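Numbering (the numbering used here), first residue to last: 102 to 204. Don't be surprised by glycine CBs; every beta carbon is placed ideally from N, CA and C. Small disclaimer: the values here were computed from a predicted structure and weren't measured. Encoded as structure tokens, the structure appears first; notes follow it.
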Amino acid sequence: MVIRIFLKENGLTVKGHSGVAPRGEDLVCAGVSTLVHTITTALEEVAGEMIEVEKVERGEIRVRWDRLGEKGRVLLRTLELGLREMETKHPEAIEVRGSAEFD
102 MVIRIFLKEN
112 GLTVKGHSGV
122 APRGEDLVCA
132 GVSTLVHTIT
142 TALEEVAGEM
152 IEVEKVERGE
162 IRVRWDRLGE
172 KGRVLLRTLE
182 LGLREMETKH
192 PEAIEVRGSA
202 EFD
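As structure tokens, then:
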């Protein structure tokens, strides 16, 4: 099992489970969830961005926006750095596609 994160100019999608440990004990899943939830809250509360968060089903979340300001782009880049660091340490469990670097 793999958590796949798709980063795009107008949003991000997180799908799947890492399968590293049983449900409720999986630190990889918990880490990804914490990063994503923290950044979505910061996009709204710190950067003042208008975003739409949709929990599609268990193990899948979509976050959409029209255009991010400078603070929003910095926060999204921070998310990408954290996720890529996790991907380096757990390549069997996390796959990050796309980039937070866009115009």
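query, result
"Looking at C-alpha atoms only, which residue of Glu110, Ile152, Lys156 is the closest neighbour of Gly117?", "Lys156"
"Under the rule that 16 or more other beta-carbon atoms within 10 Å means buried, what is Thr141, buried or exposed?", "buried"
"So does the region 160-168 actually touch the region 183-191, counting three or more Cβ pairs closer than 8 Å?", "no"
"Give me whichever residues DSSP pairs with Val197 in a beta bridge.", "Ile106"
"Round the Cβ separation of Leu108 and Ala201 to the nearest angstrom and send it over; I've been treating them as touching at under 8 Å.", "5 Å"
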